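Chemist:
Protein chains in written order, with this note's numbering: chain Z, -1 to 211; chain Y, -1 to 211.
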């Protein structure tokens, strides 16, 4: 597996940031190949040969081509188990870790992504924010974070005692939401707030943030 | 792992059906514990102790408690690798299988679930169907199935040459959608249509269908 890792994407993409964070945690070198989404490069060949759904990121390593950020991070975490931060837990505890990875994907991501779209990306593109959608998704996020508050009162990280992919997958959306008024939903829950401070201060995440500076 | 498997849920729930299909493929015995969603049992204790998000199914085996259907199926597939249908592929091909599991979760499920909600469940509950949402999601599903048609022209199943979780996770939503006019979107694509006929005729899936008879 000595072939060079290439990641096609944009440093602004939360999905691409998920993959960058994983690679930095694993201390793996990679080549970043920017995709110019402003001119729609992700919706045309040759990018569509990497991901037929036309979404960043896409991952290449020799003849292995992957897409979907969470499939890429799982490949990296399992394929490089002995390098850098473990990120997955072997054995029966993997089941609990899987539960919280699914929670991120199905409970957290849809509402957090929608809020970030309305509050960060729409203003960036000059599109008016839908305030009713913001209100609805803030209420939903509050309920999700209530469950996180209970979980994090019992367990330092979502998947167990160590930082894993279940936490890492949240970083891009949390980091983005913390720049909006939605920050108050995280700050007002003490265990959630401590967890956010912990995971966003990881050196690997700082390297992802630095990619946009 | 000789402790009895308990699945709390409803035979009408597509998420619970995903777990039942997996258990039948693995030829594992389990106890089904109905949750009366009509009276909101899933939003109250004791169910909330099994899944704080108040959604079916929930899984119990001794002191192991899991929720999120795709986390449960992954636990079963990896934990009982030697029983029944393999459902996962060891080694590097697992990465490709993960990609297609993520595609199901992020590209297929949101549109198929929305269509089934509008066309099957809303009429069942006497709620009017939102025709604009149907039209929008039919167009999205068509685009997703175009990608599936290309994939299935190259590979018998989504994850590779054998039936795996990547296919299995689709069964409940496909089976439900095939009872609506959305069936035409599957039937008009030859490789998708052959794949649907293949996976819906599996004996394990017939047992799930029989639970509602």
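Glycine is no exception: its CB is placed at the ideal position from the N, C-alpha and C atoms. Quick caveat, the model's predicted, so the values are computed rather than measured.
(1) Please name the residue in 124/Y, 165/Y, 46/Y, 43/Y whose C-alpha comes closest to that of residue 199/Y.
(2) How about residue 168/Z and residue 106/Z: do their beta carbons lie closer than 8 Å?
(3) Buried or exposed: which applies to residue 157/Z, given that a residue is buried once 16 or more other Cβ atoms fall within 10 Å of its Cβ?
(4) Assign residue 86/Z to one of three DSSP states: helix, strand, or coil.
(5) Beta-carbon within less than 7 Å of residue 174/Y's beta-carbon, same chain only, minus the 5 sequence neighbours each way: which residues are those?
(6) Quick one: is residue 104/Z near chain Y, going by C-beta distance under 8 Å?
(7) Just to check my reading of the structure: residue 81/Z and residue 24/Z have Cβ atoms closer than 8 Å, yes? What is that Cβ distance to the nearest angstrom?
(8) Which residue or residues does DSSP assign as beta-bridge partners of residue 56/Y?
(9) Taking only the alpha-carbon atoms, compute the straight-line gap between residue 73/Z and residue 192/Z and give it to the nearest angstrom.
(10) Against chain Z, with Cβ distances strictly below 8 Å, would residue 72/Y count as a contact?
(11) Using only CA atoms, which one of 141/Z, 21/Z, 3/Z lies nearest to residue 83/Z?
(12) Does any residue of chain Z bring its CB to less than 8 Å from the CB of residue 18/Y?
(13) When the Cβ atoms of the region 200 to 208 of chain Y are set against those of the region 140 to 160 of chain Y, are three or more pairs found closer than 8 Å?
(14) What residues from the region 39 to 52 of chain Z come within 8 Å of chain A, judged by C-beta to C-beta, listed N to C?
(15) Comparing C-alpha positions only, which one of 155/Y, 122/Y, 160/Y, 171/Y sits nearest to residue 139/Y?
(16) What residue range is occupied by the uninterrupted beta strand (DSSP E) comprising residue 161/Z?
(17) Alpha carbons only, please: which of 60/Z, 68/Z, 35/Z, 153/Z is nearest the one belonging to residue 100/Y?
(18) Going along chain Z in order, which residues have a C-beta closer than 9 Å to the C-beta of residue 66/Y?
(19) Could you please give the first and the last residue of the uninterrupted beta strand (DSSP E) stretch that includes residue 30/Z?
(20) Residues of chain Z with CB closer than 9 Å to the CB of residue 62/Y, please, in chain order.
(21) Using CA coordinates, which residue listed in 211/Z, 187/Z, 103/Z, 92/Z is at the minimum distance from residue 159/Z?
(22) At which residues does the alpha helix (DSSP H) containing residue 189/Z begin and terminate?
(23) Do you know how far the Cα of residue 186/Z is from the Cα of residue 95/Y?
(24) Just by C-beta distance, which residues in the region 139 to 155 of chain Y are closer than 9 Å to chain Z?
(25) Would you say residue 69/Z lies against chain Y (beta-carbon separation less than 8 Å)?
(26) Could you spell out where the alpha helix (DSSP H) holding residue 149/Z opens and where it closes?
(27) Excluding sequence positions up to five away, which residues of its chain have a Cβ less than 8 Å from the Cβ of residue 111/Y?
(28) What do you reckon, are the CB atoms on residue 33/Z and residue 52/Z nearer than 8 Å?
(29) Measure from the alpha carbon of residue 65/Y to the alpha carbon of each residue in 77/Y, 46/Y, 78/Y, 76/Y, then state which is nearest.
(30) Would you grab the beta carbon distance between residue 162/Y and residue 87/Y for me? Rounded to a whole angstrom, and I think it's under 8 Å.
(31) Roughly how many angstroms lie between the CA atoms of residue 124/Z and residue 210/Y, to the nearest whole one?
(32) Which of the three DSSP states, helix, strand or coil, is assigned to residue 70/Y?
(33) What span of residues does the alpha helix (DSSP H) with residue 16/Y cover, start to end?
(34) If we call anything under 8 Å between Cβ atoms a contact, is residue 57/Y one with residue 17/Y?
(35) Could you say which of 126/Z, 98/Z, 26/Z lies nearest to residue 149/Z if we only look at CA atoms?
(36) Please classify residue 36/Z as buried or exposed, where buried requires at least 16 other C-beta atoms within 10 Å of its C-beta.
Modeler: By the coordinates alone:
(1) Locating residue 199/Y in the second chain gives position 201, where the first residue counts as 1. If you compare the alpha carbons of 124/Y, 165/Y, 46/Y, 43/Y with that of residue 199/Y, the shortest gap goes to 165/Y.
(2) For this step, residue 168/Z is matched to residue 170 along the first chain. For this step, residue 106/Z is matched to residue 108 along the first chain. Contact: yes.
(3) By one-based count along the first chain, residue 157/Z stands at place 159. With 16 or more other Cβ atoms within 10 Å, it is buried.
(4) Translated into positions along the first chain, residue 86/Z becomes position 88. Reduced to three states, the DSSP call for residue 86/Z is coil.
(5) Here residue 174/Y is taken as the residue at index 176 of the second chain, counted from 1. The residues are 12, 114, 118.
(6) Here residue 104/Z refers to the residue found at position 106 when the first chain is read from its first residue. Taking Cβ atoms only, chain Y reaches closer than 8 Å to residue 104/Z, which makes this a yes.
(7) In the first chain, the residue the question calls residue 81/Z occupies position 83. In the first chain, the residue the question calls residue 24/Z occupies position 26. Between the beta-carbon of residue 81/Z and that of residue 24/Z there is about 5 Å, and that keeps the pair under the 8 Å contact cut.
(8) Along the second chain, read from residue 1 onward, the residue named residue 56/Y stands at position 58. In DSSP, residue 56/Y forms a bridge with 6/Y, 65/Y.
(9) Within the first chain, the letter at position 75 stands for residue 73/Z. Within the first chain, the letter at position 194 stands for residue 192/Z. Roughly 29 Å between the two C-alpha positions.
(10) Numbered from its first residue, the second chain carries residue 72/Y at position 74. Judged by the 8 Å Cβ criterion, residue 72/Y is in contact with chain Z.
(11) Residue mapping note: residue 83/Z aligns to position 85 of the first chain, counting from 1. The shortest C-alpha separation from residue 83/Z is found at 21/Z.
(12) Your numbering for residue 18/Y matches position 20 in the second chain. At a cut-off of 8 Å, the C-beta of residue 18/Y has no neighbouring C-beta in chain Z.
(13) no
(14) Any reference to chain A falls outside this structure, whose protein chains are Z and Y.
(15) In the second chain, counting from the first residue as 1, residue 139/Y sits at position 141. The residue with the shortest Cα to Cα distance from residue 139/Y is 171/Y.
(16) For the purposes of this step, residue 161/Z is identified with residue 163 of the first chain, where counting begins at 1. It is not in any beta strand (DSSP E) - residue 161/Z carries neither H nor E in the DSSP assignment.
(17) The count along the second chain starts at 1 and reaches residue 100/Y at position 102. Comparing Cα-Cα distances from residue 100/Y to each of 60/Z, 68/Z, 35/Z, 153/Z, the minimum goes to 68/Z.
(18) In the second chain, counting from the first residue as 1, residue 66/Y sits at position 68. In chain order: 96, 97, 98, 99, 100, 101, 103, 104, 105.
(19) Reading the first chain from its first residue, position 32 is the one you call residue 30/Z. Residue 30/Z -> beta strand (DSSP E) spans 28 to 32.
(20) By 1-based counting over the second chain, the position of residue 62/Y is 64. By Cβ distance, chain Z contributes 90, 93, 94.
(21) Numbered from 1 along the first chain, position 161 holds the residue referred to as residue 159/Z. Considering only alpha carbons, the answer is 92/Z.
(22) By one-based count along the first chain, residue 189/Z stands at place 191. 188 to 198 is the extent of the alpha helix (DSSP H) around residue 189/Z.
(23) By 1-based counting over the second chain, the position of residue 95/Y is 97. By 1-based counting over the first chain, the position of residue 186/Z is 188. In a straight line, the C-alpha of residue 95/Y is about 40 Å away from that of residue 186/Z.
(24) 141, 142, 144, 145, 148, 149
(25) Working through the first chain from its first residue, we reach residue 69/Z at position 71. Yes, its Cβ sits closer than 8 Å to a Cβ of chain Y.
(26) Sequence index remark: in the first chain, residue 149/Z carries index 151 (1-based). Counting along the chain, the alpha helix (DSSP H) containing residue 149/Z begins and ends at 129 to 152.
(27) On the second chain, position 113 is the one that residue 111/Y refers to. Here the set comprises 12, 171.
(28) Within the first chain, numbered from 1, the residue matching residue 33/Z stands at position 35. Within the first chain, numbered from 1, the residue matching residue 52/Z stands at position 54. Cβ distance not < 8 Å, so residue 33/Z and residue 52/Z don't count as in contact.
(29) Position 67 of the second chain, counted from the first residue, corresponds to residue 65/Y. Considering only alpha carbons, the answer is 46/Y.
(30) On the second chain, position 164 is the one that residue 162/Y refers to. On the second chain, position 89 is the one that residue 87/Y refers to. The Cβ separation is near 6 Å, so the contact holds.
(31) In the first chain, the residue the question calls residue 124/Z occupies position 126. In the second chain, the residue the question calls residue 210/Y occupies position 212. Roughly 50 Å separates the two Cα atoms.
(32) To locate residue 70/Y, count along the second chain from 1; it is residue 72. In this structure, residue 70/Y counts as helix in the three-state DSSP scheme.
(33) Sequence index remark: in the second chain, residue 16/Y carries index 18 (1-based). Run containing residue 16/Y: 12 to 23, per the alpha helix (DSSP H) assignment.
(34) Within the second chain, numbered from 1, the residue matching residue 57/Y stands at position 59. Within the second chain, numbered from 1, the residue matching residue 17/Y stands at position 19. Closer than 8 Å, so yes.
(35) Numbered from 1 along the first chain, position 151 holds the residue referred to as residue 149/Z. Nearest of 126/Z, 98/Z, 26/Z to residue 149/Z, Cα basis: 98/Z.
(36) Taking the first residue of the first chain as position 1, residue 36/Z is located at position 38. Residue 36/Z is classed as exposed because its beta carbon has fewer than 16 other beta carbons within 10 Å across all chains shown.
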